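**Q**
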Amino acid sequence: MVRKAIIPAAGYGTRTLPITKVLPKEMLPICGRPALDFIVEEAINSGIEQILIVVSRSKNMILDYYDRSVELETYLEEKNKTHLLKKISPPNVHFQYVRQTYARGLGEAILLGKHFVGNEPFAVMLPDEIILSNEKEPLRQLIDMFTEVKGNIVGVKKMDPSQLKNYGVIQPELFKNTQYKIKDIVEKPQESPPSDLAVIGRYIFNPTIFSYLENVKPGVGGEIQLTDAIKAMAKEYTSFGLEVEGKCFDIAKMSEYVDLINYIWNSKEG
20 MVRKAIIPAA GYGTRTLPIT KVLPKEMLPI CGRPALDFIV EEAINSGIEQ
70 ILIVVSRSKN MILDYYDRSV ELETYLEEKN KTHLLKKISP PNVHFQYVRQ
120 TYARGLGEAI LLGKHFVGNE PFAVMLPDEI ILSNEKEPLR QLIDMFTEVK
170 GNIVGVKKMD PSQLKNYGVI QPELFKNTQY KIKDIVEKPQ ESPPSDLAVI
220 GRYIFNPTIF SYLENVKPGV GGEIQLTDAI KAMAKEYTSF GLEVEGKCFD
270 IAKMSEYVDL INYIWNSKEG
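Numbered by our numbering, the letters in the sequence shown go through residues 20 to 289 in order.
#1: Would you list, in sequence order, the uninterrupted alpha helix (DSSP H) runs of no fewer than 4 residues that lie entirely inside the segment 81–126?
#2: Any idea what DSSP makes of GLN160, helix, strand or coil?
#3: Apart from the five residues just before and just after GLU127, which ones in its own chain have a Cβ nearer than 6 Å to its Cβ?
#4: Alpha carbon to alpha carbon, how far is HIS134 from ILE25?
#5: My assumption, with CB atoms under 8 Å, is that MET144 sits in contact with GLY220. Please give the rounded CB distance.
#6: Among the candidates GLU148, VAL218 and PRO226, whose CA atom is the shortest distance from the CA of PHE141?
#7: Per the DSSP calculation, TYR222 is bridged to which residue(s)?
#8: Can you find the residues in the same chain that come closer than 6 Å, C-beta to C-beta, to HIS113, ignoring five residues on each side of it along the sequence?
#9: Using the beta-carbon count (16 or more within 10 Å), is CYS267 buried or exposed?
#10: Would DSSP call LEU216 helix, strand or coil?
#11: Would you mind giving the Cβ-Cβ distance between LYS202 and PRO212, rounded to the nearest angstrom? I have them listed as a contact below 8 Å.
#12: Flag this pair as yes or no: are the beta carbons of GLN119 and LEU71 separated by less than 9 Å?
#13: If you drop the 5 nearest sequence neighbours on each side, which residues of the same chain put their C-beta closer than 6 Å to that of PRO285?
#14: If you drop the 5 nearest sequence neighbours on each side, which residues of the same chain put their C-beta closer than 7 Å to that of SER65?
#15: Taking contact to mean at least 3 C-beta pairs separated by less than 8 Å, is the segment 91–100 in contact with the segment 48–55?
#16: Using only the alpha-carbon positions, how far apart do VAL73 and GLU45 sit?
The following block contains the structure:
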């Protein structure tokens with residue numbers, strides 16, 4: 020049973036500057052809600068009970084958003100606007116936070132959740148990637164597969180070859196249907212990608228991932244890359260890729276951020 024999720028949210032948001040100088044990328048507005056709220060909602064709908072958000076010192080807005088605002092609640096009650104209370108009530112999930120002092124990569128952010136995770140399998144959800152599905156929540160798709168195979172699972176999506184240089188890409192071996200065994204994984208291949216299956220920011224890991232993260236050699240800027248840990252782990256433990264059903268939006272790309280807003284708005288009107 021997967022009950023815990025880590026959401027890394029400590030990055031500088033350089034792809035969305037200059038707005039992210041003052042507004043965390045995770046709090047970019049999407050039809051009246053912050054982007055992060057879509058990730059949290061997906062987690063809750065997938066059965067997650069505890070969420071650890073990895074933040075930096077400039078991300079206190081995230082903590083404030085998921086905390087109670089007693090003053091605002093009192094104001095709404097006094098003005099007989101109690102119908103708005105539901106909109107500002109914190110979601111029914113237990114939040115924890117940890118601060119990543121320096122942005123030393125996704126791998127380090129996940130390592131900060133080692134004590135939070137304990138000996139349980141857990142999810143990792145990247146807030147850059149919002150995935151909307153008309154069927155089952157994207158994370159729920161991975162959890163259901165984990166229930167069957169008990170191995171580490173990476174969410175993947177077929178991408179246009181021109182886009183693969185921006186993603187981690189797996190070398191797959193067909194397991195069944197839209198499930199694959201991962202033979203290798205390459206981070207942002209500039210040429211000759213091993214497949215058209217790109218990693219899209221949803222993962223299920225067993226706690227064994229931490230030993231690999233602890234032994235990853237830091238790369239440029241001292242960053243610890245999750246891809247390097249997955250590559251090493253896949254050589255010793257069977258790891259899987261699952262094609263996720265749903266429409267993916269990378270909100271750090273302005274064109275996809277706008278597409279997401281239009282998609283949600285048009286869906287509401289329809």
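For glycine and all other residues, C-beta sits at the position ideal for the given N, C-alpha and C.
In this text the structure is predicted, and so the values were computed from the model without any measurement.
**A** With the structure as the only source:
#1: Runs found: 89–97 and 104–107.
#2: On the sequence shown, residue 160 is found 141 positions in, with the first residue counted as 1. Three-state DSSP puts GLN160 in a helix.
#3: Position 108 of the sequence shown, counting from 1, holds the residue named residue 127. Excluding sequence neighbours, GLU127 sits near ILE243.
#4: Within the sequence shown, the letter at position 115 stands for residue 134. Within the sequence shown, the letter at position 6 stands for residue 25. So the two alpha carbons sit approximately 12 Å from each other.
#5: Reading the sequence shown from its first residue, position 125 is the one you call residue 144. Reading the sequence shown from its first residue, position 201 is the one you call residue 220. At roughly 7 Å, the Cβ-Cβ gap stays under 8 Å, so MET144 and GLY220 are in contact.
#6: Counting from one through the sequence shown, the residue named residue 141 turns up at place 122. Residue PRO226 is the option with its Cα nearest to PHE141.
#7: The residue labelled residue 222 in the question sits at position 203 within the sequence shown. DSSP lists VAL143 and VAL173 as partners of TYR222.
#8: Numbered from its first residue, the sequence shown carries residue 113 at position 94. Excluding positions up to five away in sequence, the list reads GLN69.
#9: As a working mapping, residue 267 is identified with position 248 in the sequence shown. So CYS267 ends up on the buried side.
#10: By 1-based counting over the sequence shown, the position of residue 216 is 197. Strand, per DSSP.
#11: One-based indexing of the sequence shown puts residue 202 at position 183. One-based indexing of the sequence shown puts residue 212 at position 193. The Cβ separation is near 14 Å, so there is no contact.
#12: The residue given as residue 119 occupies position 100 in the sequence shown. The residue given as residue 71 occupies position 52 in the sequence shown. No, the pair does not count as a contact, with Cβ atoms beyond the cut-off.
#13: What you label residue 285 is simply residue 266 of the sequence shown in a count that begins at 1. A small fix is needed here, since residue 285 is Asn in this sequence, not Pro. The answer is none, since no qualifying residue turns up.
#14: For this step, residue 65 is matched to residue 46 along the sequence shown. The answer, listed in chain order, is GLU156, LEU158, ARG159 and ILE162.
#15: Short answer: they don't touch.
#16: Numbered from 1 along the sequence shown, position 54 holds the residue referred to as residue 73. Numbered from 1 along the sequence shown, position 26 holds the residue referred to as residue 45. So the two alpha carbons sit approximately 12 Å from each other.
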